[in-house]
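Taking it in order: structure first as structure tokens, then the write-up.
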Amino acid sequence: MVKRAFYLLFVSILLLTGCGKNIPEIDPALLQKKHSLLVITKQGLPPESAAIIQKNLTQWRNTQHIAFEWMQSVGAIDQQAISNILSAPYDYVIVIGSDLARQAAGAAVNLAEQKWILLDDSVTVPMALDSSQIMWKQTGPGFMETQWQEWVKQQQVIGKTIEWVTQSNNPIPSLWAPSEEAEHISLSDAEGWYSEFQARVRQQRPDWIVVYSPLQDSLLQRMKSLHVPIMNMASTTVNLQWEIIFSRLLGYIQGGWTPGVTQYNLEEITVSKPE
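Read left to right, the sequence shown gives residues 1 to 275 (full-length UniProt numbering).
Written as structure tokens, this is what we have:
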């Protein structure tokens, strides 16, 4: 009886030893390749854009082993959003939307554990960045000048006069409005600017009013009553090409991420301008 018990114990040990040889060891390099990310998107994201984002995130999870959480229709990077960011050890936080990107740039200073990718989705005044943890994609300096240089040149060649409207943080390119023409530039962020602008337009009757920085719709309607053609350059828009953008994002996550401001190239966006 004792011999039989000893025999069974011996066989069990052999079986356990054999099973152990078939358990695969986890490759440490594979573990290092896994990433987790939090995606934050703005309010009003078009449904077709949301569908492409969902498709790509799901594909990343299934084929690249990238875990994700998606906060949709976010109005602000507020305390609730920051709490969500701190709730899990995310490797990357991707923020989509120009207003959210600017808020995130400030919040990220106090959130040093993650790498950030901020995606502007509109033409914005370029912002400097002093952070080692943020990559920020913008239209970049000179974007509006590139888009509108030909139109302005045509007006100058045929002798058309322009009254410019912009803001103090978004100066008119010097080739378009030299310093000696500074009296033809109105700053819409200056107190009481519109009365002076209106009087000058009525007196000088320029060929064009050119709006270089965004204005409220109510002000644009008031301008129309001056009966001078308006070119609203500020209504220039960009549309992100999501399939290409997500291809770039995957490259960043897999080792191509570098901090700093980088400009979209012409493959990543399409541009729509008023005529």
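Glycine included, each C-beta is placed from N, C-alpha and C at the ideal position.
Beta carbon of S36, beta carbon of A67: below 7 angstroms?
Numbered from 1 along the sequence shown, position 36 holds the residue referred to as residue 36. Numbered from 1 along the sequence shown, position 67 holds the residue referred to as residue 67. Result yes, Cβ atoms of S36 and A67 sit closer than 7 angstroms.
Considering only the alpha carbon of each residue, which of F246, Q79, S195, D189 lies closest to L118?
Mapped onto the sequence shown, residue 118 falls at position 118. Of the listed residues, the one whose Cα sits closest to L118 is F246.
Indicate whether L129 and V261 have their beta-carbon atoms separated by less than 7 angstroms.
Here residue 129 refers to the residue found at position 129 when the sequence shown is read from its first residue. Here residue 261 refers to the residue found at position 261 when the sequence shown is read from its first residue. Yes, these two residues count as a Cβ contact at 7 angstroms.
Which same chain residues end up closer than 6 angstroms to S272 when comparing Cβ atoms and leaving out the 5 residues on each side of it in sequence?
Taking the sequence shown and counting its residues from 1, one reaches residue 272 at position 272. Result list for S272: T237, in chain order.
Straight-line gap, Q154 to Q254 (C-alpha atoms, nearest Å)
Reading the sequence shown from its first residue, position 154 is the one you call residue 154. Reading the sequence shown from its first residue, position 254 is the one you call residue 254. Their backbone Cα atoms lie some 46 angstroms apart in a straight line.
In angstroms with no decimal places, state the Cα-to-Cα distance between E243 and P178.
Reading the sequence shown from its first residue, position 243 is the one you call residue 243. Reading the sequence shown from its first residue, position 178 is the one you call residue 178. Their Cα atoms are separated by approximately 41 angstroms.
What is the rounded straight-line gap between the Cα of H184 and the Cα of V165?
Start at 1 with the first residue of the sequence shown, and residue 184 comes out as number 184. Start at 1 with the first residue of the sequence shown, and residue 165 comes out as number 165. Spanning the alpha carbons of H184 and V165 requires a straight line of approximately 9 angstroms.
Taking the beta strand (DSSP E) that W208 falls in, what are its first and last residues?
Position 208 of the sequence shown holds residue 208. 208-211 is the extent of the beta strand (DSSP E) around W208.
Opposing strand residues paired with T41 [DSSP bridges]
As a working mapping, residue 41 is identified with position 41 in the sequence shown. Partner(s): I96.
Nearest to M231 by alpha carbon, out of R222, L249, W208, Q204?
Position 231 of the sequence shown, counted from the start, is the residue given in the question as residue 231. The residue with the shortest Cα to Cα distance from M231 is W208.
Helix, strand or coil for residue 277 per DSSP?
Only positions 1 to 275 of the chain appear in the structure, and residue 277 is not among them; the question remains open.
Taking all protein chains shown into account, do 16 or more other C-beta atoms lie within 10 angstroms of the C-beta of P214, making it buried, or fewer, making it exposed?
Locating residue 214 in the sequence shown gives position 214, where the first residue counts as 1. Flag for P214 reads buried.
Hey, how far is the Cα of N170 from the Cα of K34?
Counting from one through the sequence shown, the residue named residue 170 turns up at place 170. Counting from one through the sequence shown, the residue named residue 34 turns up at place 34. Cα to Cα, the separation comes out at about 42 angstroms.
Is the beta carbon of M71 less than 7 angstroms from the beta carbon of I40?
Reading the sequence shown from its first residue, position 71 is the one you call residue 71. Reading the sequence shown from its first residue, position 40 is the one you call residue 40. It is a contact, given that the beta carbons lie within the stated cut-off.
Below 7 angstroms between beta carbons: does that hold for K115 and Q133?
Here residue 115 corresponds to residue number 115 of the sequence shown, with the count starting at 1. Here residue 133 corresponds to residue number 133 of the sequence shown, with the count starting at 1. Yes; because the gap between Cβ atoms is below 7 angstroms, this pair is in contact.
Leaving out five residues before and five after T270 in sequence, what residues of the same chain have Cβ atoms less than 8 angstroms from its Cβ?
On the sequence shown, residue 270 is found 270 positions in, with the first residue counted as 1. Result list for T270: V238, N239, Q241, in chain order.
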